[in-house]
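Let me begin by presenting the structure, written as structure tokens, before commenting on it.
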Amino acid sequence: MTPTTATPRSRLDPEPVARRDFLGIASLASFLAAMLFAGLGVLRLPKAAVLASPAKKFSVALPDSLAAGEAFVPPGRSVAVFRDQEGVYAVSLICTHLGCIVKPGQSGFECPCHGSQFAADGSVLRGPAPKALPWLAVSVRGGECVVDESAIIPAGTKVSG
Amino acid sequence: MSTTAPENSPLRRFLHNLLQSPWHVRDAALRSGLPTTDRTRSNFVFGNVFLHLHSVRTHRWSLRWSTTWGLGLAATAAFLIALVSGVLLMFYYKPYPEAAYDSIKDIHFVVPTGRFIRNIHRWSANVMVVAVLLHMARAFYTAAYRKPREFNWLIGMGLLVVTLGLSFTGYLLPWDQLAYWAITIGANIAQSPREVTDAVGITETFDPGGLQRELLLGSDIVGEEALIRFYVLHVMLLPLALVSLLAVHFWRIRKDGGMTRPSDADQRLAPKADVYPVFTEAPQKTYQLAAIVKGASPAVGRGPENTVPSMPHLFYAELGVLMLTVLVCLALSMISDAPLKELANPSVPENPAKAPWYFLGLQELVAYSAFMGGVGIPMIVVIGLGLIPFLDREEAETGAWFGGPGGLRLVARSAVFGLASVLGIEAFAIRFGWLREWFPEIPQLVITAVNPGTLLAAIYAAYSLWIVRRYGSARAGALALFTCFLCGFVVLTVIGTHFRGPNWTFYWSPADWPRH
């Protein structure tokens, strides 16, 4: 410490940080740091570890009269199940554009919201949809099909049974 | 008025005080008597916690209708109406799927005046959006965003976003088909950055779109989690954000020097009988407040020569705007009922599924590619609007309508150009289709990026850059760009609202929609 015998300090000059100020600032800073990290932790709150959504797996019996290439939409589900000579397969009906439910037609699918059109295998023909309609995993168990809406499989995969 | 108390009997004194109490309450509330003199009028303003937001005296330029058209106040009034009617609706509304729909039906058909309150809520929200947009246009065209008001322009942008957020979150609450599918589309727009991450192939590791959608919905479907989230946002977080921003917005109006007025405002105003120099008899001396404030902001030595007392001049004008806004909301509520479709059905989309009208311009762009139309273009617009006060650092003609090089002629020309461009691009896309119709094998990234909206934004930007060069002025470019933006917004909104039917197909009139 050097004694300040030189020019007296003006009242308008900023004051040096005193010991009390330093302790005050330090405690405030540690408090803010603690709050910051607590806040960062709480940021995880809106993203639940388990999402509240209905079961993605369901089983359904296909009607005997279902023709080859004709879509069967289980009630309350956004999936079209098909059966032809090669086997059973399921295509998601949720439009890849903005999530509307596409309508199965004679030769593919049509979205009512923004006019996207998909071929029978789900690939995009027209409109703003960025991706093909995904094919979903199907397994056949004792005459019933089990469809897993959360399992996407390569297009063209058909299960015989 | 109170008279002196009789001294003789305690009972008579008691009776006298009892009879006088209404006047005593009034005097106690007003603190300084009726606002009849300059002094008591001043006290009326700064002695009142709600009114002291205003200055005691108001410049006559600020009171001209053409200065503001009362639009900011109309937006605030509409918000207050929505606040009151919304709180009333909360007594009956239940934020749970199906129960929500039933409670809205109860409000509509069973609750006395419920339908009317709901109509008022819906119409005041619409009036608020219109007023906010017009208020922004007013602030822009009078160059009121200029220094020192740049920050308040940014706060205003925040208010616009929160206003739209309030409308969007409120749209889901009835839980009918309209609500469900509009929010499904909205949530998937939030997810649309996936179009880009998918095309680049990094969605597995970096998926901001999926995160946004999940934070919004709290699930991977629009269900009870989404409804309670939207409810909390709608009745709590967003109103709080709006009120906080409003407080800053109002406070900054005062701090930034009141309403923008041209430098020659005092000369342009005709003399008025009851305006007199306040400081005529004050000592001709100025005071330096150097130790307290930096700069030359205090009005020392500048007499408020052309100001009138805020009470009654400003307050009566504000009251007029307030009453007019209430009147408009009431009239609209009597003419038209808020819609309520069938209960939300997750397997059958509403066709056409339309968002609130002020989002239909975006929905029109989204129909070409989700990411650019729903995220890219809005972000470009918000950034562009926010940059205006920092690019235009000019000073000439601040506070004058359409002030700046080119003036009204440039605005009219830009309007013609803006309308022609947007109509041309839309007509072309409707008639001939867009990229995938011509080149089925085109990469998705091109479809995502090259939206008619992208093209339009590029044309508008090029046009206004040309104007900047031609006039040698950023203000001229801003006039051109903002006018084009307004034209694009209006035309796209009208097309999305009126000319799009089932499957988002173009129809000249809703009467031509196929019935099924």
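Residue numbers (the numbering used here), protein chains in the order written: chain W, 94 to 254; chain Z, 43 to 558. Where is the CB? At the ideal position from N, CA and C, for every residue including glycine.
Exposed unless 16 or more other CB atoms sit within 10 angstroms - verdict on residue i
{"i": "Z:D434", "result": "buried"}
{"i": "Z:A221", "result": "buried"}
{"i": "W:T250", "result": "exposed"}
{"i": "Z:A117", "result": "buried"}
{"i": "W:G162", "result": "exposed"}
{"i": "Z:S339", "result": "Because Z:S339 carries a pLDDT of 49, less than 50, the predicted location of this residue cannot be relied on, and the following value inherits that uncertainty. With fewer than 16 Cβ atoms within 10 Å of its Cβ, Z:S339 is classed as exposed."}
{"i": "Z:A186", "result": "buried"}
{"i": "Z:P564", "result": "Outside the shown range of chain Z, which is 43 to 558, sits residue 564 of chain Z, and nothing can be said about it."}
{"i": "Z:G343", "result": "Residue placement at Z:G343 cannot be trusted, given a pLDDT of 46 that sits under 50; the coordinates are not used to answer."}
{"i": "Z:F151", "result": "exposed"}
{"i": "Z:D240", "result": "buried"}
{"i": "Z:F481", "result": "exposed"}
{"i": "Z:F459", "result": "buried"}
{"i": "Z:I227", "result": "buried"}
{"i": "Z:P398", "result": "buried"}
{"i": "W:V143", "result": "exposed"}
{"i": "Z:P154", "result": "exposed"}
{"i": "Z:E323", "result": "Its pLDDT being 48, under 50, Z:E323 is placed unreliably by the model, and the measurement read from it follows with that caveat. So Z:E323 counts as exposed."}
{"i": "W:K150", "result": "exposed"}
{"i": "W:F202", "result": "buried"}
{"i": "W:L133", "result": "exposed"}
{"i": "Z:E406", "result": "buried"}
{"i": "Z:V91", "result": "exposed"}
{"i": "Z:Q219", "result": "buried"}
Beta-bridge pairing of residue i - partner residues as DSSP gives them
{"i": "W:G198", "result": "W:G201"}
{"i": "Z:F272", "result": "Z:F272 is not bridged to any residue."}
{"i": "W:Q210", "result": "W:E203 and W:R219"}
{"i": "W:F151", "result": "W:V240"}
{"i": "Z:F560", "result": "Any answer about residue 560 of chain Z is impossible in this case: the structure gives chain Z only from 43 up to 558."}
{"i": "W:F165", "result": "W:V174"}
{"i": "Z:L385", "result": "Z:D218"}
{"i": "W:V252", "result": "W:V181"}
N-terminal and C-terminal residue of the beta strand (DSSP E) that residue i is part of
{"i": "W:L176", "result": "The sequence shown places Arg at residue 176 of chain W, rather than the Leu named in the question. Where W:R176 is concerned, the enclosing beta strand (DSSP E) stretches over V172 to D177."}
{"i": "W:D241", "result": "E237 to I246"}
{"i": "Z:Y134", "result": "Unbroken run through Z:Y134: none, as it is neither H nor E."}
{"i": "W:L229", "result": "W228 to R234"}
{"i": "Z:H101", "result": "R99 to H101"}
{"i": "W:G180", "result": "G180 to S185"}
{"i": "Z:P351", "result": "T349 to P351"}
Boundaries of the alpha helix (DSSP H) in which residue i is found, first to last residue
{"i": "Z:I231", "result": "Q219 to A232"}
{"i": "Z:F193", "result": "E192 to L214"}
{"i": "Z:V91", "result": "Premise fails: Z:V91 is in no alpha helix (DSSP H) and is neither H nor E."}
{"i": "Z:P431", "result": "I419 to L433"}
{"i": "W:G134", "result": "R112 to V135"}
{"i": "Z:L72", "result": "P52 to L72"}
Under 8 Å by beta carbon: chain Z residues contacting residue i
{"i": "W:A183", "result": "Chain Z residues near W:A183: none, gap ~15 Å exceeds 8 Å."}
Within chain W, partners of residue i - CB distance below 9 Å
{"i": "Z:D249", "result": "In chain order: nothing, as chain W lies at least about 12 Å away."}
{"i": "Z:P544", "result": "P205"}
{"i": "Z:T245", "result": "What Z:T245 touches in chain W: nothing, since even the nearest Cβ is about 11 Å away."}
{"i": "Z:D240", "result": "P223 and K224"}
Contacts of residue i in chain W (Cβ-Cβ under 7 Å)
{"i": "Z:T490", "result": "P223"}
{"i": "Z:P391", "result": "C193, I194, P205 and C206"}
{"i": "Z:Q486", "result": "P223"}
{"i": "Z:W293", "result": "Neighbours of Z:W293 on chain W: none; closest Cβ ~25 Å, over 7 Å."}
{"i": "Z:W217", "result": "Going along chain W, no residue has its Cβ under 7 Å from Z:W217, so there is no contact; the nearest lies around 16 Å."}
{"i": "Z:D32", "result": "Nothing can be reported for residue 32 of chain Z, as the shown portion of chain Z is limited to 43 through 558."}
{"i": "Z:G230", "result": "As written in the sequence, residue 230 of chain Z is Asn, which differs from the Gly given in the question. By Cβ distance, chain W contributes L191 and G192."}
{"i": "Z:G418", "result": "Correct list: empty, because the minimum Cβ distance to chain W is about 13 Å."}
The ligand MN heavy atom lying under 7 Å from the CB of residue i
{"i": "Z:M178", "result": "This structure does not include the ligand MN; it has no bound ligands of any sort."}
Where residue i meets chain W, residues with beta-carbon distance less than 8 Å
{"i": "Z:Y410", "result": "P221"}
{"i": "Z:R557", "result": "In chain order: nothing, as chain W lies at least about 15 Å away."}
Chain Z residues whose Cβ lies nearer than 9 Å to that of residue i
{"i": "W:A119", "result": "What W:A119 touches in chain Z: nothing, since even the nearest Cβ is about 30 Å away."}
{"i": "W:K140", "result": "L253, E256, L257 and G260"}
Under 7 Å from the C-beta of residue i: neighbouring residues of chain Z
{"i": "W:G169", "result": "S389"}
Note to self: Three or more C-beta pairs under 8 Å: does that hold for the segment 206-225 of chain Z against the segment 429-445 of chain Z?
What the structure shows: No, the segment 206-225 of chain Z is not in contact with the segment 429-445 of chain Z.
Next item on the list: Could you tell me whether the segment 346-363 of chain Z touches the segment 97-106 of chain Z, using the rule of 3 or more Cβ pairs below 8 Å?
Entry: In short, these stretches touch, since the Cβ pair count reaches three.
Next item on the list: Pull out every residue of the segment 210-230 of chain W whose Cβ sits closer than 8 Å to any Cβ of chain B, in chain order.
Entry: This model lacks chain B altogether; the protein chains it does include are W and Z.
Next item on the list: Flag this pair as touching only if the segment 268-284 of chain Z and the segment 244-256 of chain Z have three or more C-beta atom pairs under 8 Å; answer yes or no.
Entry: Not touching, per the Cβ criterion.
Notebook entry, point to check: Would you say the segment 528-535 of chain Z touches the segment 459-470 of chain Z, given that touching needs at least three Cβ pairs under 8 Å?
Noted result: Cβ pair count under 8 Å is three or more, so yes.
Next item on the list: Check whether the segment 172-179 of chain W touches the segment 146-161 of chain W, taking contact to mean three or more Cβ pairs, one atom from each stretch, closer than 8 Å.
Entry: Yes, since at least three Cβ pairs between the segment 172-179 of chain W and the segment 146-161 of chain W fall closer than 8 Å, the two stretches touch.
Check: Pairing CB atoms from the segment 410-430 of chain Z with CB atoms from the segment 494-506 of chain Z, are three or more of them under 8 Å?
Finding: Judged by Cβ distances under 8 Å, the segment 410-430 of chain Z makes contact with the segment 494-506 of chain Z, as three or more pairs qualify.
Notebook entry, point to check: Between the segment 293-307 of chain Z and the segment 191-210 of chain Z, do three or more beta carbon pairs fall short of 8 Å?
Noted result: Yes, the segment 293-307 of chain Z touches the segment 191-210 of chain Z.
Next item on the list: Could you tell me whether the segment 383-401 of chain Z touches the segment 223-237 of chain Z, where touching means 3 or more Cβ pairs closer than 8 Å?
Entry: Segments in contact, yes.
Margin query: Does the structure place the segment 201-216 of chain W close enough to the segment 50-58 of chain Z that three or more beta carbon pairs sit under 8 Å?
Written below: Output reads no: the segment 201-216 of chain W does not touch the segment 50-58 of chain Z.
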